[in-house]
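Comments concern the structure below.
Protein chains in written order, with my numbering: chain A, 6 to 456; chain B, 686 to 890.
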């Protein structure tokens, strides 16, 4: 009788621990404890001229008894500090300027806020951590330095190997607390990489970490495009007879052939409903854009022109499509209205405008050339308000938008002649290189992380 | 006694005549036998001809040999001719594959100066109806690879249509575009770019 009881307890204990592990693996190990200064909007991200808030992120303090994973103290602070930098709303202060002594803690009473105000910090993120085996516990508090008020506080529980994910999650919540908008920290960027000598598709966190090679076709693989929900990705790869459009299932890890018609099967774009794709085929003898379903069946031919029609990109409502055509003599961007099949030219400046990308916030980014070099521009779909994003820094190509439309990613060869992925705010502010891999990284596509 | 001698003589005579007669009969038989063997000379003749047979054959063999030698010589000549023709074909094939045609930036029309090159290639294709050609369209690195894939496709199709206009069957021509993915020159200037805006021609045998 006693032994049965014991085994029952053991059993239920195991179930609980399994559930706990399951929760941890899913990365939802966030326990809430907050003391926020609620209601105050610290950063208005819709403001036209946004000032970057200076923030100090000292190394996380070890809170446990034995100092396991002592390297995490600066690593965790580094990840979240980099997030603050990349998102464009903050100016993380240089660690070398910190003057706080080692005795200070992470709670209000153990912090001398003058140590931080004197170096110009407006916000201070204080955090501590503890490791129990492979488990990681982080306690974080965000203070307004001027008043000493705690703006945000949270305890996070997860696995050590998930530390990047946990920090991105923390950053996202902090940004949400300050702006009422989630940040880009839990997004992923797919791109074409040439480090193997072939062109293959790679996947990385938005900050360039956590790299994974997706394709191994050992040939030329191009144009990755995430589905609107980020669960699938289409791309074009060469086979013996030419190009083939493939679909990669991000969750199952399976690849399926979508279109391998004679000639070109290139540069597909997702319609925002996730059920249809536009791509360029040459079955008529000329490169034209067709609408196909996700099994590859042609739904409709969208362009009928003597010239080249490529690189489709749908408007957020899916009723319009930007594309590149040389029908007027040089490559320019046009917009097709799918409801009445009317086509209007969008770009007039420059002799070569290409790669349109239509944001969720209804703005079109493209790569254009005035003097032989390529730069990124954005324009309103009605043709007004043309802005240059990059200027006089190498070639800048292949723009794409973050899922929320607040950031741009593009490839640039400005640093060393090789192309790397850069991200910036939608207005071109805060351009940051996020990939540093060998050879070239090209043609980014940006998506929400799939859970 | 005299009587006995006469008798003896008679007996001897008789015997000898019998003998004689019998021998005559024998002779007759022999003659008859000989007559019976009359075809024998013919047989002999045949036998006589036997030694004559190898002589005639030698003559014929000699002729055959000559014939064969002639044939061999002719075959050799033919082979040599074929070899020569093959070598000639290979030389032409090598030239066919070595000579690319080049395009202006962002253009896919065949420039006047490359028409003779394509005409020569078309003549080659007409001479060797078993051969097929794969035209590979290429671009320089400027612009997007998506646009350049389309441009390369059009460059390939320009040459294809030119061949068709010269009477080459469409099913003997395939095209593929590599866009900007297979540059021949790796520089980032017009000298390299001009070499990369091209159609390559590959024979499919």
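Ideal placement from N, C-alpha and C gives every residue a C-beta, glycine not left out.
| query | result |
| --- | --- |
| What separation, rounded to the nearest whole angstrom, lies between the Cα atoms of residue 425(A) and residue 196(A)? | 10 Å |
| Between the alpha carbons of residue 395(A) and residue 240(A), how many angstroms are there, rounded? | 27 Å |
| If contacts are defined as beta-carbon pairs under 8 Å, then residue 176(A) and residue 190(A) qualify, I think. What distance do you get, rounded to the angstrom? | 5 Å |
| For residue 101(A), does the three-state DSSP call read helix, strand or coil? | helix |
| Using a Cβ-Cβ cutoff of 8 Å, what residues of the stretch 807-840 of chain B are near chain A? List them in chain order. | 827, 828, 829, 830, 831, 832, 834, 835, 836, 838 and 839 |
| Look at the alpha carbon of residue 100(A) and the alpha carbon of residue 118(A), and state the distance between them as a whole number of angstroms. | 16 Å |
| Roughly how many whole angstroms lie between the Cα atoms of residue 242(A) and residue 810(B)? | 31 Å |
| Do residue 257(A) and residue 249(A) count as a contact pair if the criterion is CB distance below 9 Å? | no |
| Expressed to the nearest angstrom, what Euclidean distance is found between the alpha-carbon atoms of residue 872(B) and residue 878(B)? | 7 Å |
| Could you name the residues of the same chain whose beta carbon sits closer than 7 Å to that of residue 178(A), not counting the 5 residues immediately before and after it, in chain order? | 159 |
| Is it the case that the stretch 746-753 of chain B contacts the stretch 837-849 of chain B, given that we only count it when at least three CB pairs across the two stretches are under 8 Å? | no |
| Is the stretch 352-368 of chain A touching the stretch 825-842 of chain B in the sense that three or more CB pairs, one from each, lie closer than 8 Å? | yes |
| Below 8 Å on the Cβ atoms is my contact criterion, and I expect residue 97(A) with residue 123(A) to pass it. Report the Cβ-Cβ distance as a whole number of Å. | Wrong, their Cβ atoms sit about 17 Å apart, outside the cutoff. |
| Please state whether DSSP places residue 800(B) in a helix, a strand or coil. | helix |
| Roughly how many angstroms lie between the CA atoms of residue 801(B) and residue 851(B), to the nearest whole one? | 12 Å |
| Let me see if you follow: with CB-CB separation under 9 Å, is residue 331(A) close to chain B or not? | yes |
| Closest by CA to residue 316(A), which one among 341(A), 143(A), 438(A) and 172(A)? | 341(A) |
| Would you mind sorting residue 443(A) into buried or exposed? The rule is 16 or more other CB atoms within 10 Å of its CB. | exposed |
| According to the neighbour-count rule (16 or more other Cβ atoms, all chains shown, within 10 Å of its Cβ), is residue 16(A) buried or exposed? | Because the pLDDT of residue 16(A) is 37, which lies under 50, any placement of that residue in the model is unreliable, and the question is left without a value. |
| Among 323(A), 172(A) and 329(A), whose alpha-carbon lies nearest the alpha-carbon of residue 188(A)? | 172(A) |
| Taking 9 Å as the CB-CB cut-off, is residue 791(B) touching chain A? | yes |
| At least one CB of chain A closer than 9 Å to the CB of residue 861(B): is that the case? | yes |
| Is the CB of residue 379(A) under 9 Å away from at least one CB in chain B? | yes |
| At a Cβ cut of 9 Å, what residues of the stretch 314-331 of chain A count as close to chain B, listed as they run along the chain? | 314, 315, 316, 329 and 331 |
| Got a sec: is the Cβ-Cβ distance from residue 227(A) to anything in chain B below 9 Å? | yes |
| Does the count of Cβ pairs from the stretch 774-785 of chain B and the stretch 805-823 of chain B closer than 8 Å reach three? | yes |
| Counting C-beta neighbours from all protein chains within 10 Å, is the total for residue 836(B) 16 or more, i.e. buried, or is it exposed? | buried |
| Where DSSP assigns a beta bridge to residue 425(A), which residues make up the other side? | 417(A) |
| In chain order, what residues of the same chain have a beta carbon less than 7 Å from the beta carbon of residue 214(A), not counting five sequence neighbours either side? | 169 |
| Does the beta carbon of residue 355(A) come closer than 9 Å to any beta carbon on chain B? | no |
| Can you pull the chain B neighbours of residue 290(A), defined as C-beta to C-beta under 8 Å? | 842 |
| Going by DSSP in three states, residue 92(A) sits in which element: helix, strand or coil? | helix |
| In the DSSP assignment, the alpha helix (DSSP H) including residue 119(A) goes from what residue to what residue? | 119-122 |
| Using 8 Å as the Cβ pair cut-off and three pairs as the minimum, do the stretch 759-778 of chain B and the stretch 861-871 of chain B touch? | no |
| Helix, strand or coil, according to DSSP, for residue 816(B) in the structure here? | coil |
| Counting pairs of beta carbons, one from the stretch 226-238 of chain A and one from the stretch 434-454 of chain A, are three or more of them closer than 8 Å? | yes |
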